[in-house]
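Engineer: First, the structure itself, so that you have it in front of you.
Residue numbers (my numbering): 5 to 162.
Next comes the structure, spelled out in C-alpha cells:
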C-alpha cells in the first residue's frame, strides 16, 4: 500500500471512497435518512472537487486503486478521514493515521482534533483521541450525531 499526497484527478475516486464509507460502513450506526443527508448521491461534484482540493488529503492506494484518504490541516484539524466500504479493517486507516502523525510532527503541532462519527469513534480512541464534546450537526435538515475528539501531542507531533 502506498500513502501519497492528493493529486488533481483524484476527486472522483475520493468521492467513491467517501460515499462507500458512509453508505456501507457508517450505515451500521446511522439511519438511511441520516446516511443520505450526509452522503447524498446527487452531491454537487464541482463543490466536492473544490473541497478535496482545498483540504489536500493523503491518499491510500492499494493495487492501483484509491482505497482511503485523510487530511490534517495546519491547525491540527482532521477534516476528512475515510476508508472505502470495500476495504474495511485492512490496516488502511492505521496507515493513514500514522501519516497524519508524521505530518503533525513535521508541522510541530501540539494537538489533533476531529469531528468523528459514532462509527469511527472507537478507531480514533484506539489512536489516543478522547471525546471532548458530543455534537449534533444538521445536514440537509437531518440531525446526525458525532463527537469532537482531541489528542494532545508531545511537542513535535508524536
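Where is the CB? At the ideal position from N, CA and C, for every residue including glycine.
#1: Quick one: any contact between the stretch 21-41 and the stretch 136-147, if contact means 3 or more CB pairs under 8 Å?
#2: Answer yes or no: do residue 65 and residue 6 have a C-beta to C-beta separation smaller than 7 Å?
#3: Under the three-state reduction of DSSP, which class applies to residue 101: helix, strand or coil?
#4: Could you check if residue 142 is buried or exposed, using at least 16 other CB atoms within 10 Å of its CB as the buried criterion?
#5: Buried or exposed: which applies to residue 110, given that a residue is buried once 16 or more other Cβ atoms fall within 10 Å of its Cβ?
#6: Count the other CB atoms, across all protein chains shown, that sit within 10 Å of the CB of residue 79; report buried if there are 16 or more and exposed otherwise.
#7: Looking only at DSSP bridge pairs, what is residue 116 linked to?
#8: Put residue 134 into one of helix, strand or coil per three-state DSSP.
#9: What residue from 151, 114 and 8 has the CA that sits closest to residue 74's CA?
#10: Using the Cβ count rule (16 or more neighbours within 10 Å means buried), how would you classify residue 101?
#11: Name the DSSP beta bridge partners of residue 32, please?
#12: With a threshold of 6 Å on Cβ separation, who are the neighbours of residue 19 within its own chain once the five nearest residues in sequence on each side are excluded?
#13: Taking the alpha-carbon positions, what's the residue 25 to residue 112 distance?
#14: For residue 126, does the count of other Cβ atoms within 10 angstroms reach 16, so buried, or fall short, so exposed?
Structural biologist: A quick look at the data gives this:
#1: In the pairwise beta carbon analysis, the stretch 21-41 is classified as touching the stretch 136-147: at least three pairs are separated by under 8 Å.
#2: In this structure, residue 6 lies closer than 7 Å to residue 65 by Cβ.
#3: In the structure shown, residue 101 falls within a helical segment according to DSSP collapsed to helix, strand and coil.
#4: By the neighbour-count definition (other C-beta atoms within 10 Å, threshold 16), residue 142 is an exposed residue.
#5: Exposed: under 16 other Cβ atoms inside 10 Å.
#6: Label assigned to residue 79: exposed.
#7: DSSP output for residue 116 lists 155 as bridge partner(s).
#8: Residue 134: strand per DSSP, three-state reduction.
#9: Across the set 151, 114 and 8, the C-alpha of 8 shows the shortest separation from the C-alpha of residue 74.
#10: That one is buried.
#11: None; residue 32 has no bridge partner.
#12: Cβ within range, chain order: 52.
#13: Approximately 30 Å, taken between the alpha carbons.
#14: Taking all protein chains in view, the Cβ of residue 126 is surrounded by fewer than 16 other Cβ atoms within 10 Å, so the residue is classified as exposed.
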